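Asks: Counting from 0, one number per residue, gives the positions in the first sequence under numbering that gives the first Met the number 0. From the three backbone atoms N, C-alpha and C, an ideal C-beta is built for every residue, glycine too. If you're wondering where the values come from, they're calculated on a predicted model, not measured in any experiment. Let me give you the structure first, and then I'll get to my questions.
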Amino acid sequence: MKKPLSFEITKKLDGRLGRAGIIHTPHGDIQTPAFIVVGTKAAVRGLTPEMVKEAGAQAVLANTYHLYMQPGEELVRKMGGIQNMMCWGGPTFTDSGGFQVFSLGAGYGKNISKVLKDAPVVPLIGPREDDTEREDAQPRLVEIDHDGAAFKSPFDGSIHFITPERSIEIQHTIGADIMFAFDECTSPSEPRTYQREALDRTHRWAKRSLDFHKSRLNAETQALFGVVQGGRHEDLRKESASVLGALDFDGFGIGGSFDKNDLHTAVRWVNEVLPEGKPRHLLGIGEPEDLFEGVENGCDTFDCVAPTRLGRHGTVYTKDGKIHIGNERYKSDLTPIEDDCDCYACRQYSRAVIAHLYRSREMLGAMLCSIHNVHFIVGLVAQMRAALIDGTFDKLKKEFLNRYKRD
RNA sequence: GCGUAGGUGGUAGAGUGGUCAAUUACAACAGACUGUAAAUCUGUCGCCCAUUGGGCUACACAGGUUCGAAUCCUGUCCUACGCA
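Right, dumping it as structure tokens:
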């Protein structure tokens, strides 16, 4: 059978898991490590495909759940799939909807982050946190069972049951080059007993996703990645990597929640076990310090909403750390966001102008900040790739983080 | 000049005897954001201390009534509209 994707490793990091390589997809190559820009509803928020491309992005990731709910599978089909919808000629990814099992389910209405800054004490044994009985609890929009997850449509309240097979079927219709198996992203606050249960479910779903995928011709043109889970538990993470690694996936996603402080450890556990020759995507991770850890520990691609969301909200990355363009101090600052940055925003606009646009709620302000952020993060990962190839990764990491995290 | 309505915190605009340092919105100031419920959300927003809390000065200005006034009365100044 024809393979939809191939991966070659061109350089490895001495004594560690990091590597540089190339993912060949039907719509072009991805030089890895690479940052994949998120365009949930087949659009990178605030940016045209040309802007995304100019910012250096090689690929875009959209979301199955969102496109299924709106505009719906049939319209996506009529529009000619994601390639035509997005007017994006390059490689594309789709997430399976597995993250929405978490964000619209256990995480719904709560301030639970995907990455925990200060690790709270989590009981290793105990009942699953369930506050659905509490009066102030918001009704979840997802109910999980053995077979899949029932999503309540925010548009008309109708119930949509997504099984692993349905997720893959929808992803086939959307037509991205790389798809993810339907998984359950668990809440960081869930106890081990629940992580165990959810992991078994994710594994069953992974096999069903793969079986269904292999039964279709799409398997020749679209790649499927299995998603490793296991929360913050070493044995579960390794078990997950081992179980999924043995299956005939084209690559792997690493999902779920992490501790900010030991994200690198968790990623290493997994990547030590996964087959070396297949690409690994670290789902939803994108802060500079996390990207360094991900690359160093063997992840090839990343995606994250941070560059565009932060940009829309007025926060921009600089080599000296993040700054908020809405702060009073930038009101009459006539320098660019970064004076040595060659992104569209920095070439043309001063902080003062962008601050004015942001303050006056002009869309252009959010766009310029997003352009800069995408350029910054995509460029940073590209620099990591270059450094990895010429043997200066450690130097880059040290110098970048020293400056970025100073203060 | 007469009549009418009104003058409240940066702005608009609630309140019309005690629960008012004063609803709300905007502005301002700061914070958050990691497979996008997110062009969103949170906090602060008279002054001075303080941990709950306390003190001071405030609703045009000056007096007054009252245990108590942004709220009632008198006068002054100002604004808008109408009539001369």
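#1: If we ignore side chains and look at the alpha-carbon of each, how far apart do N260 and E233 end up?
#2: Nearest to H65 by CA position, among G20, I169, V114, is which residue?
#3: In whole angstroms, what separates the C-alpha of L198 from that of K116?
#4: Determine the closest residue to K11 out of S188, D332, M383, with distance taken between C-alpha atoms.
#5: Within 10 angstroms of its Cβ, does L262 collect 16 or more other Cβ (buried), or is it exposed?
#6: I need the straight-line Cα distance from A175 to F98, nearest angstrom please.
#7: Could you tell me how far apart the beta carbons of Q57 and P90 are, in whole angstroms, since I believe they sit closer than 8 Å?
#8: Under DSSP, the beta strand (DSSP E) around I227 begins and ends at which residues?
#9: Under the DSSP definition of a beta bridge, which residues are partnered with N62?
#10: Have a look at C424 and F101 and give me their C-alpha separation to the nearest angstrom.
#11: Quick one: give me the first and last residue of the alpha helix (DSSP H) that I21 is part of.
#12: Mind checking which residues open and close the beta strand (DSSP E) that includes S152?
#13: Suppose you measure from the CA of R402 to the CA of Y316; what does that come to, to the nearest Å?
#14: In this structure, what does DSSP give as the bridge partners for Q30?
#15: Determine the DSSP secondary structure at D144, reduced to helix, strand or coil.
#16: Just the Cα atoms here: how many angstroms apart are L103 and C368?
#17: What's the call for G79, buried or exposed, on a 16-neighbour Cβ count within 10 Å?
#18: Output the distance between the C-alpha atoms of F150 and V141, rounded to the nearest integer angstrom.
#19: Is L235 closer than 9 Å to A205 when the C-beta atoms are compared?
Replies: A quick look at the data gives this:
#1: Along the first sequence, one-based indexing puts residue 260 at 261. Along the first sequence, one-based indexing puts residue 233 at 234. Their Cα atoms are separated by approximately 14 Å.
#2: Taking the first sequence and counting its residues from 1, the one referred to as residue 65 is at position 66. Closest by alpha carbon: I169.
#3: On the first sequence, residue 198 is found 199 positions in, with the first residue counted as 1. On the first sequence, residue 116 is found 117 positions in, with the first residue counted as 1. Looking at the two C-alpha atoms, the distance is approximately 23 Å.
#4: Counting from 1 along the first sequence, the entry for residue 11 is found at position 12. Here the closest residue by C-alpha is M383.
#5: Residue numbering aside, residue 262 sits at position 263 when the first sequence is read from its first letter. The residue in question, L262, is buried, as its Cβ has 16 or more Cβ neighbours within 10 Å.
#6: Locating residue 175 in the first sequence gives position 176, where the first residue counts as 1. Locating residue 98 in the first sequence gives position 99, where the first residue counts as 1. Whole-angstrom Cα-Cα distance: 17 Å.
#7: Locating residue 57 in the first sequence gives position 58, counting from the first residue. Locating residue 90 in the first sequence gives position 91, counting from the first residue. Correct: roughly 7 Å between the Cβ atoms.
#8: Residue numbering aside, residue 227 sits at position 228 when the first sequence is read from its first letter. Here residue 227 is Val; the residue named in the question, Ile, does not match the sequence. Looking at the DSSP string, the run of the beta strand (DSSP E) that includes V227 is 222-227.
#9: The residue labelled residue 62 in the question sits at position 63 within the first sequence. Answer is D94.
#10: In this structure the chain extends from 0 to 406, so residue 424 is not present and cannot be described.
#11: Position 22 of the first sequence holds residue 21. Premise fails: I21 lies in the beta strand (DSSP E), 18-24, not in any alpha helix (DSSP H).
#12: Numbered from its first residue, the first sequence carries residue 152 at position 153. Taken as a continuous stretch (DSSP letters only), S152 belongs to no beta strand (DSSP E), as it is neither H nor E.
#13: Position 403 of the first sequence, counting from 1, holds the residue named residue 402. Position 317 of the first sequence, counting from 1, holds the residue named residue 316. If I take the Cα positions, the gap works out to 12 Å.
#14: Taking the first sequence and counting its residues from 1, the one referred to as residue 30 is at position 31. Answer is I21, bridged to Q30.
#15: Here residue 144 is taken as the residue at index 145 of the first sequence, counted from 1. Reduced to three states, the DSSP call for D144 is strand.
#16: Taking the first residue of the first sequence as 1, we reach residue 103 at position 104. Taking the first residue of the first sequence as 1, we reach residue 368 at position 369. For L103 and C368, the distance between alpha carbons rounds to 28 Å.
#17: To locate residue 79, count along the first sequence from 1; it is residue 80. Its Cβ having fewer than 16 others within 10 Å, G79 is exposed.
#18: Numbered from its first residue, the first sequence carries residue 150 at position 151. Numbered from its first residue, the first sequence carries residue 141 at position 142. Rounded to whole angstroms, F150 to V141 spans 5 Å at the Cα level.
#19: Translated into positions along the first sequence, residue 205 becomes position 206. Translated into positions along the first sequence, residue 235 becomes position 236. Against a cut-off of 9 Å, the Cβ pair of L235 and A205 comes out as no contact.
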